[in-house]
Amino acid sequence: MFAFRLLPPLATGFAVLALAGAAEASDAFAALHGDPVHGKTLYQACSGCHSLDENDVGPKHRGVVGRHAAIVPGYNYSPALKASGLTWTKANLDRWLTNPQGLVPGARMFFSVKDPQSRADIIAYLSEQR
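With mature numbering (1 follows the signal peptide of the UniProt record, and there is no 0) as the guide, the letters of the sequence shown map in order to residues -25 to -1, 1 to 105.
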């Protein structure tokens, strides 16, 4: 009985901590200034699955910033990403690159970029690729 009474407050506490962590990540991203030149170099690590102009293992990236998720013609997206309703804002791209499965459980992407400045640089590079 004691554990039952503690479970809802603990679950609520964990949810609050998770939301606080997401807010902190978003705030940290907003404070960073991405370097698109360095981002181009870092983007080469993405080229095993992505390119700017052709679908491959992953969808093409030209024009990704500001685009709705899962709409590139000719790419077979996961049902989870199709149902996500996401728009690829800079903040959402940062969350995605931090932990794709955390943002959209069931998505096919598994690669992440742990360094916040590297994520900001990649996003700055992608922002220029219209």
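Just so it is clear, CB atoms sit at the ideal spot from N, CA and C, and this is done for glycine as well.
For residue j and residue i, the rounded distance between their alpha carbons
i    : j   : result
A43  : S59 : For clarity, residue 43 is His in the given sequence; the question names Ala instead. Straight-line Cα distance between these residues: approximately 10 angstroms.
G49  : G38 : 15 angstroms
K15  : P80 : 28 angstroms
A45  : K57 : 5 angstroms
Q104 : P11 : 10 angstroms
V40  : I98 : 8 angstroms
G77  : C21 : 19 angstroms
Q19  : P34 : 15 angstroms
V47  : P75 : 18 angstroms
S53  : Q92 : 28 angstroms
A6   : D28 : 30 angstroms
When the options are compared against residue i, the one with the closest alpha-carbon
i    : options                : result
D90  : Y100, V79, Q19 and T73 : T73
L68  : H36, P54, Y52 and V47  : H36
S102 : L7, S93 and T64        : T64
F85  : D28, Q92 and R70       : R70
N51  : L61, D31 and A66       : D31
A66  : S53, A82, P54 and A95  : A95
C55  : H25, T62 and A82       : Rather than Cys, the amino acid found at residue 55 in this sequence is Ala. Selected option, being the one with the closest Cα: A82.
With 16 other Cβ atoms within 10 Å as the buried cut-off, status of residue i
i     : result
G23   : exposed
S87   : exposed
L(-9) : Below a pLDDT of 50, predicted positions are generally treated as unreliable, and L(-9), at 43, falls in that range; the measurement from the model is reported next regardless. Classification of L(-9): exposed, given that the 10 Å Cβ count is below 16.
H25   : buried
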